[in-house]
Amino acid sequence: MNYSEFMRQIKNNPPAGVYLIDGFQDYLSDKIKQSFTQLIPEEERSMNLSVFDMEETSLSNAIEDAVSMPFFGEKRLVMINHPFFLTGTKKKSKIDHDVDELIEYINHPQESTIMVIFAAYDKLDSRKKITKQLKKLATVVSIGQPSENETKAIIKNEVAKAGCAIDDAAIDKLMELTSGNLTKMMNEIPKLTIYNNDTKRIDSKSVATLVPKSMEQNVFDLVNTVLDKQPTKSLEIYHQLVLESDNPIQINAVLIQQFRLLIQVMVLKQHGSSQGNISSSLKVHPYRVKLALQSIRRFAYEELTSAYLGLVNIEREMKSSSRSTELLFELFVVNFMKKTA
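The working numbering numbers the first residue of the sequence shown as 48 and each following residue consecutively.
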């Protein structure tokens, strides 16, 4: 189930015994933790709520707590963070986890315990027995990349809690300026609701006024001006980015990532993949894929690869030579436009 389905389920139905929260999305993860915490009365939390970090604590300790009866209460909540044993990453750890204990537990969970495993990773190793068993027996909540529609629903719900409404055009503008980063969008909502307190409605104009562009969005604009053969505008955006971040190598790295994304989206689109499938395959926010699909309609594959390789070359020079990083970027723009003229 997704985040919205989970919130309805936890509000209207008794909780399940074991949950796997799959994906990395700070805002949604925090909201889910709050929802579980509220299931335990505040006066009981010191005795019946435990949090275990698998990078610091043995899994056996968490299982031991989970099989214990709640102390003067109806439910015990056990939350497990950083379960790296579900991934394919070989992590150096002084702690030896016996995952068979967890497999045994999820097959016979304690009825009075709610166990929640927060797997905040890009990908779990589905070949592992423990991962297979969890996906089979636990209630799985996927929060990695909410769809565009789900993101809009989450935003509208959060705005409504503040007694306001938000236009669809305003949501689109908010997603554009934050590159679809849900946590960033949620952080902007209090400011927007206060600003629009008189009208109780957030419009696109107020979003454009109050919300700064993310670096990713500025880089996206820069990519388009380069591909559109606008040297003056390209250099203007680039110099502004350098002033704001003071890290030309980082800017170049983000540019490389953006051109790589455009190439990947173009190839997958040519093979018949939908926007949703592309987002899932690349593990990229659906809104970024949507913008990439709009961009690639205007450009050839050869243009994208030429720009990508040019940026890779200047990154190498930025790291190995004493030449001005801004001069190197200016030369890249000039050379790219000559090649693709």
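No residue lacks a Cβ here, since even glycine has one placed at the ideal position from N, Cα and C.
Fair warning: this is a prediction, and the values are worked out from it, not measured in the lab.
Nearest-angstrom Cα separation, counted from V273 out to N95: Position 48 of the sequence shown, counted from the first residue, corresponds to residue 95. Position 226 of the sequence shown, counted from the first residue, corresponds to residue 273. If I take the Cα positions, the gap works out to 58 Å.
Contact check, E195 vs Y334, beta carbons under 7 Å: As a position in the sequence shown, residue 195 is number 148, starting the count at 1. As a position in the sequence shown, residue 334 is number 287, starting the count at 1. Yes, these two residues count as a Cβ contact at 7 Å.
Three-pair Cβ contact test at 8 Å for the segment 133–150 versus the segment 177–184: yes
Close Cβ partners of V65 (< 6 Å) along its chain, the five nearest in sequence each way excluded: Translated into positions along the sequence shown, residue 65 becomes position 18. Excluding positions up to five away in sequence, the list reads I153, P156, M162 and A185.
Cβ-based burial, R363 [other Cβ within 10 Å; buried from 16]: Numbered from its first residue, the sequence shown carries residue 363 at position 316. Flag for R363 reads exposed.
Environment of Y285 [buried if 16+ CB atoms lie within 10 Å]: Residue 285 sits at position 238 when you count from the first residue of the sequence shown. Per the 10 Å Cβ criterion, buried.
Exposed unless 16 or more other CB atoms sit within 10 angstroms - verdict on I296: The count along the sequence shown starts at 1 and reaches residue 296 at position 249. Exposed, because fewer than 16 other Cβ atoms sit within 10 Å of the Cβ of I296.
Span separating the alpha-carbon of L358 from that of K170: Locating residue 358 in the sequence shown gives position 311, where the first residue counts as 1. Locating residue 170 in the sequence shown gives position 123, where the first residue counts as 1. In a straight line, the C-alpha of L358 is about 29 Å away from that of K170.
Bounding residues of the beta strand (DSSP E) (the contiguous stretch that carries M162): Here residue 162 refers to the residue found at position 115 of the sequence shown. From DSSP, the beta strand (DSSP E) with M162 extends over T160 to A166.
Delimiting residues of the beta strand (DSSP E) encompassing L124: Looking up residue 124 in the sequence shown gives position 77. Here the beta strand (DSSP E) through L124 covers R123 to N128.
Test item: CB-CB of S292 and V380 under 7 Å: Indexing the sequence shown from 1 puts residue 292 at position 245. Indexing the sequence shown from 1 puts residue 380 at position 333. Not a contact, by the Cβ cut-off of 7 Å.
Outcome for I190 when other beta-carbon atoms lying within 10 angstroms are tallied against a minimum of 16: Within the sequence shown, residue 190 is the residue found at index 143, counting from 1. The residue in question, I190, is buried, as its Cβ has 16 or more Cβ neighbours within 10 Å.
Backbone CA spacing between A63 and F99 [nearest angstrom]: Taking the sequence shown and counting its residues from 1, one reaches residue 63 at position 16. Taking the sequence shown and counting its residues from 1, one reaches residue 99 at position 52. Between A63 and F99, the C-alpha separation is close to 19 Å.
Cβ pair Q311, L329 closer than 7 Å: Sequence index remark: in the sequence shown, residue 311 carries index 264 (1-based). Sequence index remark: in the sequence shown, residue 329 carries index 282 (1-based). Their beta carbons are under 7 Å apart, which means Q311 touches L329 by this criterion.
M313 and I343 closer than 7 Å at C-beta: For the purposes of this step, residue 313 is identified with residue 266 of the sequence shown, where counting begins at 1. For the purposes of this step, residue 343 is identified with residue 296 of the sequence shown, where counting begins at 1. Result yes, Cβ atoms of M313 and I343 sit closer than 7 Å.
C-alpha gap between E373 and K80, whole angstroms: For the purposes of this step, residue 373 is identified with residue 326 of the sequence shown, where counting begins at 1. For the purposes of this step, residue 80 is identified with residue 33 of the sequence shown, where counting begins at 1. Cα to Cα, E373 sits roughly 45 Å from K80.
CB contact flag (A209, D250, <7 Å): In the sequence shown, counting from the first residue as 1, residue 209 sits at position 162. In the sequence shown, counting from the first residue as 1, residue 250 sits at position 203. No, the pair does not count as a contact, with Cβ atoms beyond the cut-off.
Contact the segment 72–92 vs the segment 109–124: 3+ CB pairs below 8 Å: yes
Within 7 Å, strictly: CB atoms of E283 and S226: Within the sequence shown, the letter at position 236 stands for residue 283. Within the sequence shown, the letter at position 179 stands for residue 226. No. Outside cutoff.
Contact belief for Q305 with F346 at Cβ below 8 Å, rounded distance in angstroms: For this step, residue 305 is matched to residue 258 along the sequence shown. For this step, residue 346 is matched to residue 299 along the sequence shown. So it is not a contact: roughly 13 Å between Cβ atoms.
Coil, strand or helix - V254 by DSSP: For the purposes of this step, residue 254 is taken as the residue at position 207 of the sequence shown. Helix.
Through-space distance from K316 to L356, alpha-carbon basis: Position 309 of the sequence shown, counting from 1, holds the residue named residue 356. Position 269 of the sequence shown, counting from 1, holds the residue named residue 316. Roughly 21 Å between the two C-alpha positions.
Bounding residues of the alpha helix (DSSP H) (the contiguous stretch that carries V114): For the purposes of this step, residue 114 is taken as residue 67 along the sequence shown, with counting starting at 1. Segment: none, V114 is in no alpha helix (DSSP H) and carries neither H nor E.
Beta bridge counterpart(s) of S189 as assigned by DSSP: Residue mapping note: residue 189 aligns to position 142 of the sequence shown, counting from 1. Bridge partners of S189: N49 and D69.
Residues bridged to I267 (per DSSP): Stepping through the sequence shown from its first residue, residue 267 is reached at position 220. Note on residue identity: the sequence assigns Phe, not Ile, to residue 267. Looking at the DSSP assignment, F267 forms no beta bridge with any residue, so it has no partner.
Limits of the unbroken beta strand (DSSP E) element including L315: Translated into positions along the sequence shown, residue 315 becomes position 268. Run containing L315: none in the beta strand (DSSP E); it sits in the alpha helix (DSSP H), P295 to Q317.
Nearest-angstrom Cα separation, counted from T84 out to E103: Along the sequence shown, read from residue 1 onward, the residue named residue 103 stands at position 56. Along the sequence shown, read from residue 1 onward, the residue named residue 84 stands at position 37. For E103 and T84, the distance between alpha carbons rounds to 22 Å.
Beta bridge counterpart(s) of S97 as assigned by DSSP: As a working note, residue 97 is residue 50 in the sequence shown. Paired residue(s): V125.
For T256, the nearest candidate out of Q287, T230, L221 and D245 (CA to CA): Residue numbering aside, residue 256 sits at position 209 when the sequence shown is read from its first letter. The option with the nearest alpha carbon to T256 is L221.
Spatial distance of A300 from H332 (CA atoms): Working through the sequence shown from its first residue, we reach residue 300 at position 253. Working through the sequence shown from its first residue, we reach residue 332 at position 285. The straight-line gap from Cα to Cα measures roughly 19 Å.
Buried or exposed (CB count within 10 angstroms, at least 16 for buried), S253: Numbered from its first residue, the sequence shown carries residue 253 at position 206. By the 10 Å Cβ count, S253 comes out buried.
Nearest candidate by alpha-carbon position, reference T230, set D69, Y50, Y74 and H318: Numbered from 1 along the sequence shown, position 183 holds the residue referred to as residue 230. Residue Y74 is the option with its Cα nearest to T230.
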